[in-house]
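**Student:**
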């Protein structure tokens with residue numbers, strides 16, 4: 001079973017370019033349309049369950065806005 | 001949605017220390033951000049933060065000195081390799097790198113970059129190729145593709161009148177002084193990973209005193225290409241890769257043995 | 001120390017070495033190439049940095065980099081190379097790091113020839129690349145004076161974080177004279193507290209000439225201007241010869257001033273009341289001294305190896321106070337003392353003086369000659 005993961009997106013840095021949305025293999029990232037950052041962007045966020053903490057979103061993010069968390073392996 | 005407690009989790013990836021978490025002036029989706037991040041990650045991993053001096057050039061990345069967390073200078077257009085040479089020659093134990101765009105390095109800067117590579121100057125050059133002059137609004141650059149429309153080639157680059165694009169890696173790799181020359185791309189996760197490895201090897205080349213190193217990074221410019229960031233990555237893959245093939249144009253034997 | 005025979009270019013190169021020059025970046029161009037060649041072996045011999053750059057563009061930017069790293073650095077060139085370096089000098093001025101340039105002038109404009117001239121006065125004293133700033137410009141007239149000027153200018157530029165230009169011409173560069181070399185200074189082991197060196201986070205230092213907000217740039221510009229006022233107060237240099245009771249003052253810098261001195265001595269030998277004021281600092285200009293002389297004498301004769309560049313600065317102080325005339329040779333032609341003596345005699349003999357601009361008068365007089 002894949003590990004559980006989660007991300008946090010620094011809304012001060014995110015520019016809603018959607019590269020993470022496109023790149024996420026689990027398709028769990030989306031822009032948060034109900035939110036607008038101080039710079040006028042809809043920030044990216046984890047929209048659904050299923051994040052495995054693979055880190056691909058952080059890999060493509062031009063703003064280094066994403067922090068990746070992953071469950072510690074048992075044992 | 002299940003709420004996960006991050007206190008039970010480990011951080012797998014966090015903001016690099018060598019990058020200041022300042023909102024940048026780069027456009028949304030611009031590859032400059034990815035390139036900056038990769039350089040910062042490599043500097044962190046190699047623990048070079050207090051040994052490195054960066055040389056910013058002229059272009060969108062003129063202000064890159066604001067975003068990195070270490071010493072920087074800023075050079076006139078095209079002259080970064082000369083400025084880097086001046087610093088490296090008097091502080092040879094420092095890591096010195098330039099960060100240059102295609103207008104800076106291949107238009108006004110051809111004299112300086114060819115001379116630096118020819119001399120085998122022990123510096124590292126990070127070369128951002130997005131096929132246009134970005135900062136000034138999207139004019140034709142030495143790397144603009146044949147037929148590509150820009151603000152100064154509005155009907156598309158006509159090679160009869162405006163000549164052919166320059167391929168920096170092939171040009172410089174032919175010189176004995178060049179020790180590590182590689183072209184990578186930043187358009188998708190797999191290529192970004194490979195780009196990071198190349199950047200690492202370039203800095204390793206310098207750290208080991210092996211000569212001139214350069215990594216050309218094919219990059220998107222969504223604003224001047226008039227494409228969304230996602231579509232810009234697709235355009236790069238479709239149009240730029242055929243003209244600018246990815247690969248290692250020159251690898252010093254000691255570097256090819258290195259595992260990073 | 002005993003006097004030795006030195007060629008001008010090699011002498012100024014050695015003077016810089018003795019002053020603790022840590023790095024030299026240059027490019028071959030006549031008539032200063034001997035300095036580059038000399039340093040190409042002298043610097044490595046002492047374990048210091050030397051590199052022949054790909055062009056003057058490369059050289060000045062290498063100098064810029066090394067200056068940002070906080071070391072004593074210099075380049076030398078000739079007039080066409082100085083033109084190429086203007087961009088770099090502007091950036092260096094905007095970044096406020098100290099740098100020394102020796103310009104061994106030749107004729108212009110264009111490729112011209114390799115003969116001596118003083119045609120860079122405007123480009124270096126009044127110009128120097130875009131933007132609001134001034135360089136310190138010194139114009140020695142002999143090899144000894146050049147050696148002493150180059151030796152001392154490193155301290156000066158570091159005191160003010162300024163650009164120091166030592167302006168000589170091809171004849172000074174190429175000739176040989178007896179010189180007493182100054183003592184060898186030890187190389188500094190430390191670096192200034194503003195130099196880039198590898199610093200992280202709070203220790204990070206950035207050196208650049210960008211001030212994106214106009215009001216910030218203006219503050220920087222004002223800072224440069226006020227620092228220039230300090231330099232004007234402290235760094236004016238000139239020499240006066242035989243000015244006691246002089247009714248005509250000849251004014252010239254560098255080789256023109258030196259040749260004029262021969263003419264002035266010859267004039268005095270004939271009982272003519274003539275003296276010489278030789279500016280050594282062209283920037284800051286000895287305005288005060290010129291004005292005082294203008295108040296004393298009836299005539300000033302400015303002599304230059306150009307079309308009358310320092311003439312304009314003399315006119316600023318002397319116009320309306322006294323008659324100002326001009327004699328110049330260009331294109332690499334060097335005036336002889338007897339040409340200047342003729343001019344002195346002509347001026348002293350004339351009962352009335354023309355109102356016409358001194359340059360136009362000179363052009364008229366030169367119609368038979370050139």
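Protein chains in written order, with the numbering used here: chain A, 1 to 75; chain B, 1 to 260; chain C, 1 to 370. Positions of the beta carbon are idealized from the N, C-alpha and C atoms, including for glycine.
Any chance the stretch 289-307 of chain C sits against the stretch 251-264 of chain C, with 3 or more Cβ pairs inside 8 Å?
**Tutor:** The answer is yes - the stretch 251-264 of chain C touches the stretch 289-307 of chain C, with three or more Cβ pairs under 8 Å.
**Student:** Kindly indicate the opening and closing residues of the beta strand (DSSP E) around residue 39 of chain A.
**Tutor:** Residue 39 of chain A -> no beta strand (DSSP E), and no H or E assigned at all.
**Student:** Whole angstroms are fine: how far does the CA of residue 203 of chain C sit from the CA of residue 10 of chain C?
**Tutor:** Each residue's alpha carbon lies about 41 Å from the other.
**Student:** Rounded to whole angstroms, what is the Cα-Cα separation between residue 37 of chain C and residue 50 of chain C?
**Tutor:** The alpha-carbon atoms of residue 37 of chain C and residue 50 of chain C are separated by roughly 10 Å.
**Student:** Taking residue 218 of chain C as the reference, which of C:269, C:235, C:174, C:131 has the closest Cα?
**Tutor:** That would be C:131, whose Cα lies nearest to the Cα of residue 218 of chain C.
**Student:** Could you check the C-alpha separation between residue 207 of chain C and residue 64 of chain A for me, to the nearest Å?
**Tutor:** Cα to Cα, residue 207 of chain C sits roughly 25 Å from residue 64 of chain A.
**Student:** Decide if residue 77 of chain C is buried, meaning its Cβ has at least 16 other Cβ atoms within 10 Å, or exposed.
**Tutor:** That one is buried.
**Student:** Please say whether residue 189 of chain B and residue 23 of chain A have beta carbons closer to each other than 7 Å?
**Tutor:** Yes, they are a contact pair.
**Student:** Distance check for residue 317 of chain C and residue 291 of chain C, CA to CA, integer angstroms please.
**Tutor:** Their backbone Cα atoms lie some 5 Å apart in a straight line.
**Student:** Let me know the secondary structure DSSP gives residue 251 of chain C once reduced to three states.
**Tutor:** Residue 251 of chain C: strand per DSSP, three-state reduction.
**Student:** Taking only runs that begin and end inside the stretch 212-289 of chain C, name each unbroken alpha helix (DSSP H) of 4 or more residues, in chain order.
**Tutor:** 214-234, 254-269, all fully within the stretch 212-289 of chain C.
**Student:** Report the residues of the stretch 73-98 of chain B with a CB closer than 9 Å to any CB of chain A, ordered along the chain.
**Tutor:** The residues in question: there are none.
**Student:** Would residue 58 of chain B be called buried (16 or more neighbouring beta carbons within 10 Å of its own) or exposed?
**Tutor:** Its Cβ being crowded by 16 or more others within 10 Å, residue 58 of chain B is buried.
**Student:** With C-beta atoms as the reference, is residue 181 of chain B less than 7 Å away from residue 105 of chain B?
**Tutor:** No, they are not a contact pair.
**Student:** Please tell me whether residue 27 of chain C and residue 55 of chain C are closer than 7 Å, where the distance is taken between their beta carbons.
**Tutor:** Cβ distance < 7 Å, so residue 27 of chain C and residue 55 of chain C count as in contact.
**Student:** Could you tell me the distance, in whole angstroms, from the CA atom of residue 129 of chain C to the CA atom of residue 127 of chain B?
**Tutor:** Distance between the alpha carbons of residue 129 of chain C and residue 127 of chain B: 28 Å.
**Student:** Among B:18, B:6, B:1, B:33, which residue has its Cα nearest to the Cα of residue 13 of chain A?
**Tutor:** For the residues B:18, B:6, B:1, B:33, the minimum Cα distance to residue 13 of chain A belongs to B:33.
**Student:** At a Cβ cut of 9 Å, what residues of the stretch 12-29 of chain B count as close to chain A, listed as they run along the chain?
**Tutor:** Cβ contacts with chain A: 12, 13, 14, 15, 16, 19, 21, 22, 23, 24, 26, 27, 28, 29.
**Student:** Residues of chain B with CB under 8 Å from residue 49 of chain C, in chain order?
**Tutor:** Under the 8 Å cutoff, chain B gives 89, 90.
**Student:** Considering only their Cβ atoms, is the gap separating residue 81 of chain C from residue 64 of chain C smaller than 7 Å?
**Tutor:** Not closer than 7 Å, so no.
**Student:** Helix or strand or just coil, what does DSSP make of residue 149 of chain B?
**Tutor:** In the structure shown, residue 149 of chain B sits in coil (DSSP, three-state: anything other than H, G, I, E or B).
**Student:** Could you check whether the stretch 273-282 of chain C touches the stretch 321-338 of chain C, counting it as contact only if at least three pairs of C-beta atoms, one from each stretch, sit closer than 8 Å?
**Tutor:** Touching, no, given that fewer than three Cβ pairs across the two stretches are closer than 8 Å.
**Student:** Who are the near neighbours of residue 61 of chain A in its chain, counting only those whose CB is closer than 6 Å to its CB and skipping five residues on each side?
**Tutor:** Result list for residue 61 of chain A: 20, in chain order.
**Student:** CB residue 101 of chain C to CB residue 84 of chain C, shorter than 7 Å?
**Tutor:** For residue 101 of chain C and residue 84 of chain C, no; Cβs fall outside 7 Å.
**Student:** Which chain B residues sit within Cβ distance under 8 Å of residue 6 of chain A?
**Tutor:** Those within 8 Å of residue 6 of chain A in chain B are 4, 6, 9.
**Student:** Taking C-beta pairs closer than 7 Å, name the residues in chain B that residue 100 of chain C reaches, listed in chain order.
**Tutor:** Correct list: empty, because the minimum Cβ distance to chain B is about 14 Å.
**Student:** Return no unless some Cβ of chain B is closer than 7 Å to the Cβ of residue 28 of chain A.
**Tutor:** Output row for residue 28 of chain A: interface = no.
**Student:** Residues of the stretch 71-82 of chain C in Cβ contact with chain B at a cutoff of 7 Å, in chain order, please.
**Tutor:** From the stretch 71-82 of chain C, only 71 have a Cβ closer than 7 Å to chain B.
**Student:** Helix, strand or coil: which one does DSSP assign to residue 189 of chain B?
**Tutor:** If DSSP states are grouped into helix, strand and coil, residue 189 of chain B belongs with the helices.
**Student:** Would you call residue 176 of chain B buried or exposed, if buried means 16 or more other Cβ atoms sit within 10 Å of its Cβ?
**Tutor:** The residue in question, residue 176 of chain B, is exposed, as its Cβ has fewer than 16 Cβ neighbours within 10 Å.
**Student:** So, with DSSP's three-state summary, where would you put residue 129 of chain B?
**Tutor:** In the structure shown, residue 129 of chain B sits in a strand (DSSP, three-state: E or B).
**Student:** Tell me whether the beta-carbon of residue 231 of chain C lies closer than 7 Å to the beta-carbon of residue 160 of chain C.
**Tutor:** Against a cut-off of 7 Å, the Cβ pair of residue 160 of chain C and residue 231 of chain C comes out as a contact.
**Student:** Are residue 215 of chain B and residue 199 of chain B close, meaning C-beta to C-beta below 7 Å?
**Tutor:** Yes, the Cβ-Cβ distance between residue 215 of chain B and residue 199 of chain B is below 7 Å.
**Student:** I'd like the ranges of any beta strand (DSSP E) spanning at least 3 consecutive residues and lying wholly in the stretch 61-121 of chain B.
**Tutor:** Those beta strand (DSSP E) runs which fall completely within the stretch 61-121 of chain B and span 3+ residues are 72-74, 95-101.
**Student:** Report buried or exposed for residue 349 of chain C, applying the criterion of at least 16 other Cβ atoms within 10 angstroms of its Cβ.
**Tutor:** Residue 349 of chain C should be labelled exposed.
**Student:** Tell me the residue span of the alpha helix (DSSP H) that contains residue 58 of chain C.
**Tutor:** Taken as a continuous stretch (DSSP letters only), the alpha helix (DSSP H) holding residue 58 of chain C covers 56-68.
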